[in-house]
Structures are given as C-alpha cells and as structure tokens.
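Written below as structure tokens is the structure these notes are about.
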Amino acid sequence: MVTATLRSSRVLINEAAITHNLTHALTGLPKGTDLFAVVKADAYGHGLLRVARVAQAAGANGFCVAVLDEALALRRAGFTLPILVLGIIEPEYAAIAAANHIAVPVGSSEWLTAAIAGLNAADLPKLHVHFALDTGMGRIGFRHLEDIKAAVRVVQAASSQIEITGLFTHFATADDPDPTYFNLQVARFHQFLAALPERPRYVHVANSATSLWHAACDCNLVRFGVAMYGLNPSGRAIETLPYPLAPALSVVSSLSFVKQIAAGEAVSYGATYHAPQTEWIGTVPMGYADGWQRRLQGFHVLVEGEECEIVGRICMDQFMIRLPHQLPTGTPVVLVGRSGEREITLQDVADYAHTIHYEIACGLSERLPRVSIANQPTA
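Just so you know, the UniProt record's numbering puts 34 at position 34 of the sequence shown, and the rest follows in order with no gaps.
As structure tokens, then:
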C-alpha cells in the first residue's frame, strides 16, 4: 500500500513517551534481568525501525518479533542486538535464522529433526532455539515433560549445529485481577524448568502484564510489549500501575470539505444518518482503508476541543462528522490524542469498537504516514 504523505491524515509517534516507558521498566528490573523490546507487527503500528532505534538507545538488551521477516528487517537495518522470533518458523528456514544470529522457538522434536537436516553447511553458526512451553495458553509449545526431555536428547545429538539458549511460556491471564489460572501456569512452568538437565541462558515468562503485576517467577528476561507504547495491557481491568505509562501514539487529520445540510438530508452509504435539523457537516480524509473501522460510526473525534460525532457510515477513504458550527477547511481533527481540555485514547476507541487497543493500533494501515514528534510524555 502506498503511504499517503500528501494529505493531512497521519499517525504521530512521541518517541519521548517510548523512552519514558522503557526507562521506568528498566529501572524496576531485578539485577541480572534483561529486557527485550517487542517490536512485532510494525512495533504495534508505531514503526518497526523507529521503535527499535529508540528502544536500543533507552537500554533494551534485545528484540522480540513475531515472524522471521521482521527479524531480518532489523538485521538489514544494522541492529546487532539479540533477536527472538516468537512464532514457529518453517524448519526449512532454520539456516536463514542461524546465518543471521536470530533465535527461534521450538515446540516439538519433529521440528528439530527437520531443521537440523538443513543446518549442515560448514560455515553456518549454531542455531539458537528457545524451547516454548504450553502451560495453558493453548498456542505453541511442549505440553508434556517426556516430550521436552526427548527434544533435549535430539539437541544433544546435534550439539554442533543447534543450541538451547532459552526456555519460555506465555501467560493467558496475566492481566486478570484473579490470579488463579496464572498461578496454575507458573506451577506448570516450574515443573518443566526442573526437568531440564541445564538451565539455559534465557528463562522468560514475563510479557508487559506479567512485568507490571507479577513477580518474575525466577526468570531473567522480560518481553516488554504493549506497555512500551504507553498502553495498559489489561485495558481497564487493572487500573493500578507501578509507574505511569505515557501513550506514544496519536492520530490526526483535518477537514477536507465543509457543507451545510438541511433537516432530513442523508449522509454517506446506505443513508443511515438523516439530519434532524440544519447542520454543518465536515469531511475527514481517512477511512477504513486507513484502519478507521466502519464500526466507529457514532463515535466521535475532537475539533477545537469539542466532541464531534461521526455521522453516516465510514467510507474506505473518508468519513463525515457533525460540526458545532461552520469551520474552514484545514481545521485540525484529532482522532486519538488531545485537543484543548479533552482527550481520546486508544482505549476509548477500543471500548466503542468492542475490541482491545492492540487491535486498533495494529490496524492503522501503512497508508497513514508515521511521523515522529518531540513532545514530552504527559503521564
């Protein structure tokens, strides 16, 4: 998709806010614990290389990504810190990961056997793997002790080609006020850890939620994700935080067209909105192709510090709002962020759309330019 730099709609990234959040997280880490910045999905919509640069400067010890291509993009950009891919890659790509010093997860002996078959080049570095444990997430990883013991034997037999450098799991309910299921997963994780003949370099369970609200579970690595961007992992379920989070992302545009319509006139596809009286309507040059979803009809944006309702269906490239009075084209519109005394957060948008702020941030398409701003964090 082409990035639309020649229009007013854009995503603003406050790099100081990212640094603020990382600094607080790093300050609170136990001695000997590393922090890997999670920059998957284009850094949750904030920009992969931008956030990686800011995170490295702030003191992050490595990066986590979702797919091998993201890791390779970091390597091509010159980043040399450790990188862990969090999703299972195809075993035929194991040699690419090894050649680029990228660690990958393993969840079965079958994967190991298939990968080792392609790691026979004489000059190829060892492939570093992190054993993934399914302690209750139901996603990827070993589920039984005998399976992980068998996998260890496979690695030991191919020790010149492959090395276990990590062990990890992912919690399903770390952001839930009820710790019952979380504690069950912790107990299962410790059973797996005890079954290994040797503790690997990295032992990690902590995502953002775990790092904020739970002890480190005898681990030495935090995978710092959504909190790095100033977003509460629990949404509104747990309001108490150990340090203030500063949101890093805002979304802005401007009025591209303004008109007055008479009572009874309709707006947008399907004629779902009819003006109850004479109204001023403004058009905003942004739509669902930019990630501003159709289900946000009826929500609002901010214009000159006032809430303006989105009227009619959101189109692919434009949507309409009801203005308090006539305003000139070019008037700024805030979709996420502050205007005057009012603010719209990603959580506000997510609440209206019946989803989570992760989805809203990741759904902002690449057609929207990402622009760094120098604002200081307000949290």
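Beta carbons: idealized from backbone N, C-alpha and C, even for Gly.
- Taking Lys126 as the centre and dropping the five residues before and after it, the same chain places the C-beta of Ala98, Gln161, Ile162 and Glu163 closer than 7 Å to its C-beta, in chain order.
- Annotated three-state conformation of Arg188 is helix, per DSSP.
- The alpha-carbon of Cys362 is positioned some 19 Å away from that of Gln297.
- In this structure, DSSP gives Glu366 a state outside helix and strand, which the three-state scheme calls coil.
- Around Thr33, the same chain offers Asn220 as residues with beta carbons nearer than 6 Å, after the five sequence neighbours per side are excluded.
- For Met1, the secondary structure class from DSSP, reduced to helix, strand or coil, is coil.
- As a beta-bridge residue in DSSP terms, Pro105 pairs with His130.
- Of all C-beta pairs linking the stretch 279-291 to the stretch 250-259, three or more are shorter than 8 Å, placing the two stretches in contact.
- For Thr345, the secondary structure class from DSSP, reduced to helix, strand or coil, is coil.
- Annotation: the continuous alpha helix (DSSP H) that includes Trp213 extends over Ser208 to Trp213.
- One alpha carbon belongs to Ala95, the other to Ala71, and they sit about 14 Å apart.
- Rounded to whole angstroms, His357 and Asp290 show a C-alpha spacing of 16 Å.
- Rounded to the nearest angstrom, the gap between the Cα atoms of Phe319 and Ile140 is 40 Å.
- Non-local C-beta neighbours of Pro369 in its own chain, meaning closer than 6 Å and more than five positions away in sequence, comprise Thr3, Thr5 and Arg10, ordered along the chain.
- The beta carbons of Gly340 and Glu309 sit about 17 Å from each other, so the pair does not count as a contact at 8 Å.
- By the criterion of a C-beta distance shorter than 8 Å, Tyr181 is surrounded in its chain by Gly136, Ala172 and Thr173, once the five residues flanking it on both sides are discounted.
- If you check the CB distance, Asp175 and Trp213 come in under 9 Å.
- Taking every protein chain shown into account, the CB of Ile360 has 16 or more other CB atoms within 10 angstroms, so this residue is buried.
- Boundaries of the alpha helix (DSSP H) around Asp147: Leu145 to Ala157.
- With respect to the C-alpha of Arg236, the residue from Tyr44, Thr345, His130 and Pro197 having the closest C-alpha is Thr345.
- When Cβ pairs closer than 8 Å are counted between the two stretches, the stretch 183-195 is seen not to touch the stretch 225-233, the count staying below three.
- Asp218 and Gly166 have their C-alpha atoms some 14 Å from each other.
- Going by beta carbons, Leu68 and Val104 fall inside the 9 Å limit.
- Annotation: the continuous alpha helix (DSSP H) that includes Thr19 extends over Glu15 to Thr27.
- Cβ neighbours of Gly330 within its own chain (closer than 6 Å, five residues either side excluded): Ser254.
- Bridge partners of Gln260 according to DSSP: Trp280.
- Non-local C-beta neighbours of His24 in its own chain, meaning closer than 6 Å and more than five positions away in sequence, comprise Tyr243, ordered along the chain.
- Looking at the DSSP output, Leu84 sits in a beta bridge with Cys64 and Ala103.
- The straight-line gap separating the alpha-carbon atoms of Leu49 and Asn61 is approximately 15 Å.
- Ile238 sits in coil when the DSSP states are folded into three classes, being neither helix nor strand.
- The closest CA to that of Val311, considering only His274, Asn183 and Ser159, is found on His274.
- With respect to the C-alpha of Ile373, the residue from Met1, Val54, Arg7 and Phe36 having the closest C-alpha is Val54.
- Residue range Phe319 to Leu323 is occupied by the beta strand (DSSP E) that includes Leu323, with no alpha helix (DSSP H) assigned at that position.
- Counting only residues of its own chain and dropping the five nearest sequence neighbours on each side, Phe299 has a CB closer than 6 Å to the CB of Ile310 and Tyr352.
- For Leu49, the enclosing alpha helix (DSSP H) starts and ends at Leu48 to Ala58.
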